[in-house]
Amino acid sequence: MQRNAAQLKRSVRSARPAIPRSIRVIPISGEGSKPEFGKACHQLLQRLNSFLDGISGQWRTEGREKLKVMVLWRYNQLDPFRGKPPKFENIEVSGLSFHRAKGLEADYTILLDISEGDYGVPSRIEDDELLNLVMPRPETFEFAEERRLFYVALTRASRGVFLLTNSREPSRYIRELSDIAGDDLRFESIDGDPLHQCPKCRVGQLVERNGRGNSRFLGCNQYPECEHTAQLR
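The sequence shown begins at 1 in my numbering and counts up one residue at a time.
This is the structure we're talking about:
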């Protein structure tokens with residue numbers, strides 16, 4: 001937020017102790033033109049429900065039967081529940097748009113499609129003619145309102161947030177978070193396995209590739225935008 005020079009400067013402190021690696025990026029691959037974020041969301045909810053069942057002795061001492069999970073999206077067409085969130089033993093799930101999430105809080109949040117693109121984050125169709133009529137002057141900082149919306153969505157969770165992104169088109173905000181958070185930002189698979197983050201572009205993952213003479217090496221999956229390579233260990 002503070003990268004926008006026009007934004008008011010504020011110092012934000014949490015009332016709770018910091019949780020290591022509380023922001024997790026999950027790249028999703030798709031066989032078609034778009035990954036199935038709805039399917040991935042359901043998988044993640046099942047994983048989170050199972051995980052919390054294993055540590056229920058920790059959080060149920062607070063007198064709570066379930067922990068709250070909000071699934072958030074930029075546009076309602078991405079709603080994976082079609083208005084009917086699934087039910088789980090250990091989590092209470094709700095789904096909302098970024099706009100409707102303002103002022104709300106959950107233990108965990110899952111943000112869908114944090115990717116580049118017209119309907120991604122930041123959305124490239126953010127301009128609202130009615131809004132522009134009442135604004136005192138146009139904002140010059142690129143995607144200023146989109147940045148504020150993403151900040152709202154990102155800060156709804158008190159325990160942890162999962163960012164589901166298109167593995168081929170991760171949002172520019174993921175790169176910014178990586179620059180800020182460093183090793184506190186974890187890249188992982190939908191099943192929770194750690195991924196090898198590219199140290200150069202900081203949004204790609206290092207995957208095995210074929211070289212000359214049947215040799216193997218690690219290369220960034222954002223190639224050709226990122227040409228970083230490394231030797232296999």
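The beta carbon of each residue, even a glycine, is placed where N, CA and C say it ideally should be.
Membership of Asp107 in the beta strand (DSSP E) is indicated by the continuous run 106-111.
Per DSSP, reduced to three states, the secondary structure at Phe187 is strand. Between the segment 110-126 and the segment 167-175 there are three or more C-beta pairs closer than 8 Å, enough to call the two in contact. For Val121, there is no enclosing beta strand (DSSP E), as DSSP marks it with neither H nor E.
The residue among Ile125, Ser50, Phe98 with its C-alpha nearest the C-alpha of Ile91 is Ser50. Membership of Asn49 in any beta strand (DSSP E) is not indicated; the residue belongs instead to the alpha helix (DSSP H) covering 37-54.
Contiguous alpha helix (DSSP H) elements confined to the segment 143-228 occur at 144-154, 172-181, taking only those with 4 or more residues. In this structure, the alpha-carbon of Arg209 lies about 24 Å from that of Leu164. Annotation for Pro86: no beta strand (DSSP E) segment contains it, and DSSP assigns it neither H nor E. By the criterion of a C-beta distance shorter than 7 Å, Leu177 is surrounded in its chain by Ile23, Leu185, once the five residues flanking it on both sides are discounted.
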